[in-house]
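K.L.:
Residue numbers (this note's numbering), protein chains in the order written: chain A, 1 to 338; chain B, 1001 to 1412.
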């Protein structure tokens, strides 16, 4: 991808952008890196993914969220072609899954996927070889990445001798060694210290800036807030919500208002849009019904009391996550789906 | 696609040929065997086997002939015979002499030997040489009996000469090759054991490394890059090449031993390592290995730990064990129709057809038919195994039942 690197990535994804002819051909404004249409997968009678539709645009950081056992791993495996959907279809970079397109994806699994008894350097060399990187070139890249992650002195050590965090860094190098167009990262920050977490974040954002697609599956909501342009929340194999981060927040936010005031707020209790009031005397948290109009509420308040502060709260992704799937214990299921 | 398979082949080869197990099995073990075989041979040649044998000849006429006959035969030349007088008839006396090391052995020839045919031999160690004294004594006694019966001593030699039967094995091309039963038996035995041990151990290697890849979750990374069938093929070919390498090293050691080994190594002289036999051997090793290996991989993919796999070892060994047992029957009855039939049965065929080649030289079309059946078995095994493998390798937790496994085969 040749997206102009000088521009901010958010600006780029929304506006005019130089793109490969593929986009012109299918006529859509935003080419999808991954398109899933009506995909279902069943294991021994258990429906892990239930007619899922998903479009992940190119050049963004996309958060794939969901509670344990929601079908995330199955979805990821279908995207990677590790398993095939029973029904529906998956398209990657505009084409069905094949040997060619495999080269353009990088996958970082949730658990370590390295040979414990192989030396770090040999291991990366083997994985690079699987992706058709010529020998000299892959040596150069391995050296470069090891330098960047401060692993150079460990290159001749077996993976089992490395700490968990170091192994995670090796795993990440294995994922990006062939400079893929789509990065599929499942809990990439596990075991990393703050310095390396920041390094990894910067690299991810840099990938997105260069027009590549980063799919992030994680339980760490603060990282989703910081990194993702767009999210999809799935539960019990179905999509609960998806869209740009700001849109999702807007859809599910704005229903709590904090008010600081002098006087009595009895008026709130009777108001049509109000569901419940947590009154603390000088301060109240007002939970509104879905259809409530915050402006009308403010207007009626101003008539009765002296409003010192009135704030429509933006919920965190964490709140939305709990709101949408909370209290909804995931069903028991075979371990492989977790 | 091929390039990815080759990467897997290369990795398997590199990793496995660098393990301690491989170095020990390939270089240290044969050297150890050679030393074990050489040492006694060298010791025998140094003449450490001298036997001083006291002979009480109660007939009074046999001793001189016996000394002559013993010295005349290469097989009994290590005997030094010493005539002793009748005080040795006392058990305590000769036992004491042997215990004290005065003599190594005591041979008592009773006066009535010509009628009773019974002598007694006492010694500390009952080596092969004791048996040979028997032969020498028999021929000396026979000569005396015949002279006693009035035969001209000059005619006895020619009249009682042993008949030797030279054995020839007729090959498919109608050529006759001189072969001894010992050679056939020992060759078959050595090669069968090698087939049995290597096929099972390389099958085990496949199973262990499959479980290791599953356990360390490397397989998820690999399957994102190549198809289960390709991964499986790469692993099987890589490990097969390791086995091939090991055989080449063994052959080099074997040839060296035969070439420089001392002539007394009768065991090695009897092993028939002709080029043709060895070529067939390698072919049937590869066929046997590939038909078992895919099964091992499939079983490995359903297990979570080597311990779990251990429990499944026995059913996996069964076909090879059956082949091992049946091969003895074929060695002794090579032309039986059931032996011929069994040599075409999948999984038994690699061992049994090879045994037939060693002992009997079956028609070429039968060998080729067996090869074809084995190739079909391998293809079928790979097909079946890759279907189980692709599901099993991603399935953690409880090991699936046999019936569940069958469902995977049908479903995927």
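Backbone N, C-alpha and C define an ideal beta-carbon position, used for all residues, glycine too.
Who does residue 40 of chain A pair with in a DSSP beta bridge?
P.N.:
Your numbering for residue 40 of chain A matches position 40 in the first chain. According to DSSP, which records beta bridges pairwise, residue 40 of chain A is partnered with A:87.
K.L.:
Can you give me, in chain order, the residues of the region 94-109 of chain A that have a beta carbon less than 8 Å from any beta carbon in chain B?
P.N.:
99, 102, 105, 107, 109
K.L.:
Should residue 166 of chain A be labelled buried (16 or more other beta-carbon atoms within 10 Å of its own) or exposed?
P.N.:
Position 166 of the first chain, counted from the start, is the residue given in the question as residue 166 of chain A. Residue 166 of chain A is buried by the Cβ-count criterion.
K.L.:
Comparing the C-beta of residue 1216 of chain B with each C-beta of chain A, is any distance below 8 Å?
P.N.:
For the purposes of this step, residue 1216 of chain B is taken as residue 216 along the second chain, with counting starting at 1. Yes, contact with chain A.
K.L.:
For a test of the three-state rule: what should DSSP assign to residue 63 of chain A, helix, strand or coil?
P.N.:
Along the first chain, one-based indexing puts residue 63 of chain A at 63. In the displayed model, residue 63 of chain A falls within a strand according to three-state DSSP.
K.L.:
Less than 8 Å between CB atoms is the rule here; does residue 207 of chain A satisfy it with respect to chain B?
P.N.:
The residue labelled residue 207 of chain A in the question sits at position 207 within the first chain. By this cut-off, residue 207 of chain A is not an interface position.
K.L.:
Return helix, strand or coil for residue 287 of chain A, following the three-state DSSP convention.
P.N.:
On the first chain, residue 287 of chain A is found 287 positions in, with the first residue counted as 1. Of the three classes helix, strand and coil, the one that applies to residue 287 of chain A here is strand, per DSSP.
K.L.:
Tell me the rounded alpha-carbon separation between residue 146 of chain A and residue 1027 of chain B.
P.N.:
Stepping through the first chain from its first residue, residue 146 of chain A is reached at position 146. Stepping through the second chain from its first residue, residue 1027 of chain B is reached at position 27. Roughly 37 Å separates the two Cα atoms.
K.L.:
Measuring alpha carbon to alpha carbon, tell me which residue in A:55, A:219, A:217, A:182 is nearest residue 210 of chain A.
P.N.:
Translated into the one-based positions of the first chain, residue 210 of chain A becomes position 210. Measuring from the Cα of residue 210 of chain A, the nearest candidate turns out to be A:182.
K.L.:
Have a look at B:1220, B:1296, B:1010, B:1355 and flag the residue whose alpha-carbon is nearest the alpha-carbon of residue 107 of chain A.
P.N.:
Taking the first residue of the first chain as 1, we reach residue 107 of chain A at position 107. Measuring from the Cα of residue 107 of chain A, the nearest candidate turns out to be B:1220.
K.L.:
Quick one: which chain A residues come within Cβ less than 7 Å of residue 1223 of chain B?
P.N.:
For this step, residue 1223 of chain B is matched to residue 223 along the second chain. Within 7 Å Cβ-Cβ: 82.
K.L.:
Which runs of the alpha helix (DSSP H), 4 residues or longer, sit entirely within the region 1305-1379 of chain B?
P.N.:
1306-1311, 1313-1332, 1337-1342, 1349-1359
K.L.:
Shortest alpha-carbon distance to residue 258 of chain A belongs to which of A:312, A:271, A:86?
P.N.:
As a first step, residue 258 of chain A is located in the first chain; it is residue number 258 there, counting from the start. When C-alpha distances from residue 258 of chain A are compared across A:312, A:271, A:86, the shortest belongs to A:312.
K.L.:
Would you mind telling me which residues of chain A sit closer than 9 Å to residue 1226 of chain B, beta carbon to beta carbon, in chain order?
P.N.:
One-based indexing of the second chain puts residue 1226 of chain B at position 226. Neighbours of residue 1226 of chain B on chain A, chain order: 99, 102, 130.
K.L.:
Report the rounded CA-to-CA distance for residue 322 of chain A versus residue 238 of chain A, giving the unit in angstroms.
P.N.:
Here residue 322 of chain A is taken as the residue at index 322 of the first chain, counted from 1. Here residue 238 of chain A is taken as the residue at index 238 of the first chain, counted from 1. If I take the Cα positions, the gap works out to 16 Å.
K.L.:
Along the chain, where does the alpha helix (DSSP H) that runs through residue 128 of chain A open and close?
P.N.:
Start at 1 with the first residue of the first chain, and residue 128 of chain A comes out as number 128. Here the alpha helix (DSSP H) through residue 128 of chain A covers 120-130.
K.L.:
Quick one: is residue 41 of chain A buried, meaning 16 or more other Cβ sit within 10 Å of its Cβ, or exposed?
P.N.:
By one-based count along the first chain, residue 41 of chain A stands at place 41. Under this definition residue 41 of chain A is a buried residue.
K.L.:
CA-CA distance, residue 28 of chain A and residue 36 of chain A?
P.N.:
Here residue 28 of chain A is taken as the residue at index 28 of the first chain, counted from 1. Here residue 36 of chain A is taken as the residue at index 36 of the first chain, counted from 1. Bear in mind that a pLDDT of 42 at residue 28 of chain A, under 50, signals an unreliable position, so the number given afterwards is only what the model happens to contain. Whole-angstrom Cα-Cα distance: 16 Å.
K.L.:
Applying the criterion that 16 or more other CB atoms from any shown protein chain within 10 Å of the CB defines a buried residue, is residue 66 of chain A buried or exposed?
P.N.:
What you label residue 66 of chain A is simply residue 66 of the first chain in a count that begins at 1. By the neighbour-count rule (16 or more Cβ atoms within 10 Å), residue 66 of chain A is buried.
K.L.:
Excluding the five sequence neighbours on either side, which residues of its own chain have a C-beta within less than 6 Å of the C-beta of residue 26 of chain A, listed in chain order?
P.N.:
Residue mapping note: residue 26 of chain A aligns to position 26 of the first chain, counting from 1. Interpretation of residue 26 of chain A is limited by its pLDDT of 40, a score under 50 that renders its predicted location unreliable; the figure taken from the coordinates is listed afterwards. Closer than 6 Å at Cβ, skipping near neighbours: no residue.
K.L.:
Mind pulling the chain B residues with CB within less than 7 Å of residue 126 of chain A?
P.N.:
The residue labelled residue 126 of chain A in the question sits at position 126 within the first chain. Chain B residues near residue 126 of chain A: 1007, 1011.
K.L.:
Establish whether the CB of residue 113 of chain A and some CB of chain B are separated by less than 8 Å.
P.N.:
For the purposes of this step, residue 113 of chain A is taken as residue 113 along the first chain, with counting starting at 1. It does: the Cβ of residue 113 of chain A has a partner Cβ on chain B nearer than 8 Å.
K.L.:
Hey, is residue 118 of chain A's beta-carbon within less than 8 Å of any beta-carbon in chain B?
P.N.:
Residue mapping note: residue 118 of chain A aligns to position 118 of the first chain, counting from 1. Closer than 8 Å to some Cβ of chain B, the Cβ of residue 118 of chain A qualifies, so yes.
K.L.:
For the alpha helix (DSSP H) that contains residue 203 of chain A, what are its first and last residues?
P.N.:
Residue 203 of chain A sits at position 203 when you count from the first residue of the first chain. Start and end: 194-209.
K.L.:
Have a look at residue 1342 of chain B and residue 1305 of chain B and give me their C-alpha separation to the nearest angstrom.
P.N.:
Mapped onto the second chain, residue 1342 of chain B falls at position 342. Mapped onto the second chain, residue 1305 of chain B falls at position 305. Each residue's Cα considered, the two are about 35 Å apart.
K.L.:
Judging by CA-CA distance, which residue of B:1287, B:1251, B:1115, B:1259 is the nearest neighbour of residue 1275 of chain B?
P.N.:
Sequence index remark: in the second chain, residue 1275 of chain B carries index 275 (1-based). Closest option to residue 1275 of chain B, Cα to Cα, is B:1251.
K.L.:
Along the chain, where does the alpha helix (DSSP H) that runs through residue 228 of chain A open and close?
P.N.:
Position 228 of the first chain, counting from 1, holds the residue named residue 228 of chain A. Note, residue 228 of chain A: premise wrong, no alpha helix (DSSP H); not H, not E.
K.L.:
For residue 1404 of chain B, which of B:1388, B:1394, B:1393 has the nearest alpha-carbon?
P.N.:
Residue numbering aside, residue 1404 of chain B sits at position 404 when the second chain is read from its first letter. The shortest C-alpha separation from residue 1404 of chain B is found at B:1388.
K.L.:
Helix or strand or just coil, what does DSSP make of residue 1059 of chain B?
P.N.:
Within the second chain, the letter at position 59 stands for residue 1059 of chain B. If DSSP states are grouped into helix, strand and coil, residue 1059 of chain B belongs with coil.
K.L.:
When the distance is taken between beta carbons, is residue 1013 of chain B closer than 8 Å to residue 1242 of chain B?
P.N.:
Numbered from 1 along the second chain, position 242 holds the residue referred to as residue 1242 of chain B. Numbered from 1 along the second chain, position 13 holds the residue referred to as residue 1013 of chain B. Taking 8 Å as the Cβ cut-off, residue 1242 of chain B and residue 1013 of chain B qualify as a contacting pair.
K.L.:
Measuring only the C-alpha atoms, how far is residue 1137 of chain B from residue 1110 of chain B?
P.N.:
What you label residue 1137 of chain B is simply residue 137 of the second chain in a count that begins at 1. What you label residue 1110 of chain B is simply residue 110 of the second chain in a count that begins at 1. Going from the Cα of residue 1137 of chain B to the Cα of residue 1110 of chain B covers about 12 Å.
K.L.:
If the cut-off is 7 Å on Cβ atoms, which residues from the region 1014-1033 of chain B count as contacting chain A, listed in chain order?
P.N.:
1015
K.L.:
Going along the chain, which residues of its own chain have a beta-carbon closer than 8 Å to the beta-carbon of residue 52 of chain A, five neighbours each way excluded?
P.N.:
One-based indexing of the first chain puts residue 52 of chain A at position 52. Result list for residue 52 of chain A: 36, 38, 39, 40, 71, 75, 88, 234, 237, 238, 239, in chain order.
K.L.:
Under 8 Å, with one C-beta from each stretch per pair, do the region 173-190 of chain A and the region 96-115 of chain A reach the 3-pair mark?
P.N.:
yes
K.L.:
Could you work out which residues of chain B lie near residue 174 of chain A, taking near to mean beta carbons separated by less than 8 Å?
P.N.:
Numbered from 1 along the first chain, position 174 holds the residue referred to as residue 174 of chain A. By Cβ distance, chain B contributes 1221.
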